[in-house]
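> If you count the sequence shown from 1, position 109 lands on 108 in numbering that gives the first Met the number 0, and the numbers rise without skipping.
Ideal Cβ positions, reconstructed from N, Cα and C, are used throughout, including at glycine.
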Amino acid sequence: MAIKCIGILTSGGDAPGMNAAIRAVTRAAIYNGIEVKGILRGYRGLITNEIVPFKTNSVSNIIQQGGTMLKTARSKEFQTTEGRKIAYETIQREEIDALVVIGGDGSLTGARIFAQEFNLPIVGLPGTIDNDLQGTDLTIGYDTALNTIMQAVDKIRDTASSHERLFFIEVMGRECGFLALNGAIASGAEAAIIPEKSMEQDQLADLISNGFRKSKNSSLVLVTEGDITGGAMAMAERVKKEYPQYDVRVSILGHVQRGGSPTASDRILASRMGAAAIDALLDGQRNVMIGIQNDEIVYVPFSKAIKKNKPLQQDLLDTLKILSI
Ligand code: ATP
0 MAIKCIGILT SGGDAPGMNA AIRAVTRAAI YNGIEVKGIL RGYRGLITNE
50 IVPFKTNSVS NIIQQGGTML KTARSKEFQT TEGRKIAYET IQREEIDALV
100 VIGGDGSLTG ARIFAQEFNL PIVGLPGTID NDLQGTDLTI GYDTALNTIM
150 QAVDKIRDTA SSHERLFFIE VMGRECGFLA LNGAIASGAE AAIIPEKSME
200 QDQLADLISN GFRKSKNSSL VLVTEGDITG GAMAMAERVK KEYPQYDVRV
250 SILGHVQRGG SPTASDRILA SRMGAAAIDA LLDGQRNVMI GIQNDEIVYV
300 PFSKAIKKNK PLQQDLLDTL KILSI
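(1) Which residue marks the beginning of the beta strand (DSSP E) containing TYR325, and which one marks its end?
(2) Helix, strand or coil for GLN312 per DSSP?
(3) Let me know if THR55 comes out buried or exposed under the rule of 16 or more other beta-carbons within 10 Å of its beta-carbon.
(4) By how many angstroms is the C-alpha of VAL255 removed from the C-alpha of THR147?
(5) Classify PRO52: buried if its beta carbon has 16 or more other beta carbons within 10 angstroms, exposed otherwise.
(6) From SER161 to SER208, what does the alpha carbon distance come to, in whole angstroms?
(7) For SER302, is the beta carbon positioned less than 7 Å from some heavy atom of the ligand ATP?
(8) Mind checking whether the beta-carbon of GLN256 lies closer than 7 Å to any heavy atom of the ligand ATP?
(9) Taking the continuous alpha helix (DSSP H) assigned at SER197, which residues delimit it?
(10) Could you check which residue in GLN133, VAL100, ILE128, THR135 has the C-alpha nearest to that of LEU119?
(11) Using CA atoms only, rank isn't needed, just tell me which of LEU45, ASN31, PHE301 is closest to GLY37.
(12) Can you list, in chain order, the residues of its chain whose CB lies under 6 Å from that of ILE289, leaving out five sequence neighbours each side?
(13) Pair every Cβ in the segment 137-153 with every Cβ in the segment 250-268, then say whether three or more of these pairs are closer than 8 Å.
(14) What's the C-alpha gap between THR305 and GLU163?
(15) DSSP three-state label for ILE46, please.
(16) Would you mind giving the Cβ-Cβ distance between VAL222 and PHE167, rounded to the nearest angstrom? I have them listed as a contact below 8 Å.
(17) Would SER217 be called buried (16 or more neighbouring beta carbons within 10 Å of its own) or exposed?
(18) Considering only residues of the segment 214-272, which uninterrupted beta strand (DSSP E) runs meet the minimum length of 3 residues and lie entirely inside it, listed in chain order?
(19) Can you tell me which of SER74, LEU178, ILE324 puts its alpha carbon nearest to the alpha carbon of LEU39?
(20) Does DSSP put LEU98 in a helix, in a strand, or in coil?
(21) From ALA183 to GLU116, what does the alpha carbon distance come to, in whole angstroms?
(22) Indicate the three-state DSSP secondary structure (helix, strand or coil) for GLY32 in the structure shown.
(23) Is LEU322 closer than 8 Å to ALA190 when the C-beta atoms are compared?
(24) Measuring alpha carbon to alpha carbon, tell me which of ASN31, ARG257, PHE113 ends up nearest ASP129.
(25) Please classify MET149: does DSSP put it in a helix, a strand, or coil?
(26) Using DSSP's beta-bridge definition, name the partner residues of GLU169.
(27) Comparing C-alpha positions only, which one of MET171, CYS175, ARG237 sits nearest to ASP201?
(28) Restricting to Cα atoms, I'd like to know which of ASP294, SER260, GLU94, CYS175 is closest to ASN18.
(29) Opposite GLU295 in the DSSP bridges: which residues?
(30) Would you say the beta carbon of ASP104 comes nearer than 7 Å to a heavy atom of the ligand ATP?
(31) Run the CB neighbour count on ARG92, radius 10 Å, all protein chains shown included, and call it buried at 16 or more, exposed below.
(32) Quick one: grab the DSSP three-state call for ALA332.
(33) Across which residues does DSSP place LEU8 in a beta bridge pair?
(34) On the premise that ILE139 lies in contact with ALA28, defined as a C-beta separation below 8 Å, what is that separation, rounded to the nearest angstrom?
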């Protein structure tokens with residue numbers, strides 16, 4: 000069936016570059032003679048029928064803006080069969096032939112289920128700062144968040160070195176240590192405590208026993224948020240109890256990491272991926288996420304993209320360790 004009209008939505012956590020992706024999808028679709036409908040507030044907007052027709056100028060002047068002009072939401076109703084049925088009725092009523100979904104693993108899990116249930120072509124774009132989707136080297140928003148972290152850590156470093164303190168800086172990432180690990184390399188931090196290593200080693204004890212701080216008057220350690228590592232507060236509590244000789248402080252970066260104008264890399268990535276989403280649909284692809292591997296666009300089946308435990312490159316861990324002597 001020829002695709003005459005697509006719907007586009009952003010879902011889950013917002014990420015810088017989502018707007019650039021919305022713009023690219025919209026413009027590439029219109030360029031190819033396809034009508035575009037913007038769906039507000041993610042899957043919830045499909046259930047509550049919040050649909051707006053998009054023209055080329057609907058996406059003017061947004062490439063540089065963080066967040067998402069379509070708004071985003073988390074929809075419990077969409078996780079039920081009844082909710083998705085209502086969503087599909089909206090799709091039929093609006094004569095939408097295919098969907099482009101921009102979001103993280105939860106959003107793409109929802110997309111996969113929805114596509115299968117109603118035989119609807121859906122293409123996903125990886126929109127999350129966590130870089131936790133498989134089959135793509137990068138996700139939209141990751142580079143901007145990494146730069147924000149680097150700038151914040153640079154500032155914290157001034158205080159840390161003036162006071163000779165040990166700082167635990169908590170960053171986002173949930174089950175993925177990319178932001179902590181690359182954030183640590185980029186800011187010259189001493190170490191990263193990441194979920195991927197939490198099961199196999201006591202990262203804090205290793206850090207201290209490896210001569211941590213011997214030759215330095217301040218130390219910065221990035222810690223991935225969440226239950227797996229315990230987060231920065233838990234690390235600081237442990238240091239107070241087990242290594243009371245250290246003057247320890249905590250800084251939780253929080254939502255500043257998700258905001259701000261996207262970097263050039265994120266805008267370019269989002270633009271390429273957005274245009275590729277339309278190519279994919281025209282090419283008869285469905286139920287794939289657009290990924291990037293070695294700077295080339297690839298199609299990644301949803302089932303692969305949402306698999307947990309994206310591997311971290313060992314050389315990054317080695318580099319951080321070597322450079323922190
Ligand atoms: P982020 O990684 O930034 O948190 P995300 O896309 O993983 O983004 P989630 O809150 O996990 O964010 O998912 C967003 C939405 O996707 C949910 O609110 C829900 O509507 C839908 N969704 C998630 N999982 C499922 C599922 N198993 N079935 C149907 N829909 C789902």
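On the basis of the supplied data:
(1) Residue 325 lies beyond the range of the chain shown here (0 to 324); nothing can be said about it.
(2) Assignment of GLN312 by DSSP, reduced to helix, strand and coil, places it in the coil class.
(3) With a threshold of 16 other beta carbon atoms within 10 Å, THR55 falls short and is exposed.
(4) Roughly 8 Å separates the two Cα atoms.
(5) Looking at its Cβ environment, which holds fewer than 16 other Cβ atoms inside 10 Å, PRO52 is exposed.
(6) Distance between the alpha carbons of SER161 and SER208 is about 24 Å.
(7) Flag unset: Cβ of SER302 not near the ligand ATP.
(8) Because no heavy atom of the ligand ATP lies under 7 Å away, the Cβ of GLN256 does not count as near it: no.
(9) Its alpha helix (DSSP H) spans residues 194-197.
(10) Considering only alpha carbons, the answer is VAL100.
(11) Nearest of LEU45, ASN31, PHE301 to GLY37, Cα basis: LEU45.
(12) Short of 6 Å from the beta carbon of ILE289, and not among the five residues preceding or following it, lie these beta carbons of its own chain, in chain order: LEU124, MET272, ALA275, ALA276.
(13) In short, these stretches touch, since the Cβ pair count reaches three.
(14) Correcting the residue type first, residue 305 is Ile in the shown sequence and not Thr. Cα to Cα, ILE305 sits roughly 42 Å from GLU163.
(15) Three-state DSSP puts ILE46 in a helix.
(16) At roughly 5 Å, the Cβ-Cβ gap stays under 8 Å, so VAL222 and PHE167 are in contact.
(17) Under this definition SER217 is a buried residue.
(18) Within the segment 214-272, the complete beta strand (DSSP E) runs of at least 3 residues are 218-223, 247-251.
(19) Taking LEU39 as reference, the option from SER74, LEU178, ILE324 with the minimal CA-CA separation is SER74.
(20) Look at LEU98 here: in three-state DSSP terms it is strand.
(21) Rounded to whole angstroms, the gap between the alpha carbons of ALA183 and GLU116 is 43 Å.
(22) Per DSSP, reduced to three states, the secondary structure at GLY32 is coil, with no helix or strand assignment.
(23) It is not a contact, given that the beta carbons lie outside the stated cut-off.
(24) Comparing Cα-Cα distances from ASP129 to each of ASN31, ARG257, PHE113, the minimum goes to ARG257.
(25) In the three-state reduction of the DSSP assignment, MET149 falls in the helix class.
(26) Paired residues: VAL222, ILE251.
(27) That would be ARG237, whose Cα lies nearest to the Cα of ASP201.
(28) For ASN18, the closest of ASP294, SER260, GLU94, CYS175 by C-alpha to C-alpha distance is SER260.
(29) DSSP lists GLN292 as partners of GLU295.
(30) True, at least one ligand heavy atom lies under 7 Å from that Cβ.
(31) Exposed, since its Cβ has fewer than 16 Cβ neighbours within 10 Å.
(32) Nothing can be reported for residue 332: it is not among the residues displayed for the chain, which extend from 0 to 324.
(33) In the DSSP assignment, LEU8 forms a beta bridge with VAL100.
(34) The pair is not a contact, with the Cβ atoms about 18 Å apart (cut-off 8 Å).
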